[in-house]
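See structure below.
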Amino acid sequence: MKAVVDQDECSGCELCIETCPEVFEMQNDTAVTKVDVVPPEAEETCRQAAEECPVEAITIEE
Ligand code: SF4
Numbered sequence: 022m023k024a025v026v027d028q029d030e031c032s033g034c035e036l037c038i039e040t041c042p043e044v045f046e047m048q049n050d051t052a053v054t055k056v057d058v059v060p061p062e063a064e065e066t067c068r069q070a071a072e073e074c075p076v077e078a079i080t081i082e083e
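If you use the working numbering, the sequence shown closes out at 83, no skipped numbers anywhere.
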């Protein structure tokens, strides 16, 4: 499973970093993914982060 952040949509609220720090980190003012493949133990919180993103900037690729 992979996660992608749309850099044009991300508002930099940092919610995804709080929810799933294993996958997301801040780079300048937007969130980016710091892993190529989401670790299995972080898949649940990664999906949660995608669902809760206020601007729906996170896409999950299975
Ligand atoms: S939750 Fe969405 S808007 Fe907020 S930092 Fe993460 S990707 Fe950006």
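We treat Cβ as the ideally placed atom computed from N, Cα and C, and that holds for glycine.
The structure displayed is predicted, hence computed values, not measured ones.
Beta-bridge partners of residue i, as assigned by DSSP
| i | result |
| --- | --- |
| Thr40 | None; Thr40 has no bridge partner. |
| Thr80 | Val25 |
Whether residue i touches residue j by CB criterion (9 angstroms)
| i | j | result |
| --- | --- | --- |
| Val53 | Gln28 | yes |
| Gln69 | Cys34 | no |
Where residue i sits in the DSSP three-state scheme
| i | result |
| --- | --- |
| Gln28 | coil |
| Ala52 | strand |
| Glu73 | helix |
| Glu62 | helix |
Cutoff 9 angstroms: residue i Cβ touching any chain D Cβ
| i | result |
| --- | --- |
| Ala63 | As a matter of chain content, chain D is missing from the structure shown, which is built from one protein chain. |
Pairwise C-alpha distance: residue j and residue i
| i | j | result |
| --- | --- | --- |
| Ala63 | Glu30 | 23 angstroms |
| Met22 | Val44 | 11 angstroms |
| Ser32 | Glu39 | 15 angstroms |
Chain-order list of residues whose beta-carbon lies under 7 angstroms from that of residue i (same chain, five-residue window excluded)
| i | result |
| --- | --- |
| Cys74 | Leu36 and Cys37 |
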